[in-house]
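Visitor:
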Amino acid sequence: GEMITEEALPTYQTMLNTLDGVRDETGASPTSWAVWTRAWTAEENRHGDLLNKYLYLSGRVDMRQIEKTIRYLIGSGMDPRTENSPYLGFIYTSFQERATFISHGNTARHAKEHGDMKLAQICGIIAADEKRHETAYTKI
Numbered sequence: 205g206e207m208i209t210e211e212a213l214p215t216y217q218t219m220l221n222t223l224d225g226v227r228d229e230t231g232a233s234p235t236s237w238a239v240w241t242r243a244w245t246a247e248e249n250r251h252g253d254l255l256n257k258y259l260y261l262s263g264r265v266d267m268r269q270i271e272k273t274i275r276y277l278i279g280s281g282m283d284p285r286t287e288n289s290p291y292l293g294f295i296y297t298s299f300q301e302r303a304t305f306i307s308h309g310n311t312a313r314h315a316k317e318h319g320d321m322k323l324a325q326i327c328g329i330i331a332a333d334e335k336r337h338e339t340a341y342t343k344i
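When the count follows the numbering used here, it moves up by one through the sequence shown with no breaks and lands on 344 for the last residue.
1) Whole angstroms are fine: how far does the CA of glutamate 301 sit from the CA of glutamate 334?
2) Is the beta carbon of isoleucine 274 sitting closer than 7 angstroms to the one on isoleucine 208?
3) From this set, Leu213, Ala238 and Asp266, which residue's C-alpha is nearest proline 290's C-alpha?
4) Could you give the DSSP three-state label for proline 284: helix, strand or coil?
5) Can you tell me where the alpha helix (DSSP H) holding isoleucine 330 begins and where it ends?
6) Measuring only the C-alpha atoms, how far is glutamate 287 from aspartate 224?
7) Should tyrosine 216 be labelled buried (16 or more other beta-carbon atoms within 10 Å of its own) or exposed?
8) Tell me the residue span of the alpha helix (DSSP H) that contains serine 298.
9) Rounded to the nearest angstrom, what separates valine 226 and threonine 241 at their Cα positions?
10) Whole angstroms are fine: how far does the CA of arginine 285 sit from the CA of glycine 328?
11) Only counting the same chain, and skipping five residues up and downstream in sequence, which positions put a Cβ closer than 7 angstroms to that of threonine 245?
12) Determine the DSSP secondary structure at aspartate 253, reduced to helix, strand or coil.
13) Just the Cα atoms here: how many angstroms apart are glutamate 206 and histidine 308?
14) How would you call histidine 314, buried or exposed, if buried means at least 16 neighbouring beta carbons within 10 angstroms?
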């Protein structure tokens, strides 16, 4: 589930680009918010890619069904009801980053308990990134 959430990144970047004062209208805007959003997106993209490759190489999951689920999730879109308000948007992202920090941290712990040290390491690193994101968003 965590990998699927991370892979829906286009949806999250689209949501951030609806917020007043945050939009990246050209896709290469030099504004601080646009630069932040693209940097955040690049880092989040690594999370999804890494988890996707790990699961693929592990052979433990049906990747065809996972890809189908990701396609449905992205295709469905998302409306967190932020009404284009950057304040509501950053409240939402603060909670979302906290949730992913907790989720990845729990997975790291469970993986370690079950002897999968590589997955524990991967999820631990991702959890640390999510904690940094949460800290940044809550300071806004």
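Ideal placement from N, C-alpha and C gives every residue a C-beta, glycine not left out.
Guide: Looking at the atomic coordinates:
1) 6 angstroms
2) yes
3) Ala238
4) coil
5) 321-343
6) 9 angstroms
7) buried
8) 290-317
9) 8 angstroms
10) 31 angstroms
11) Leu213 and Gln217
12) helix
13) 7 angstroms
14) exposed
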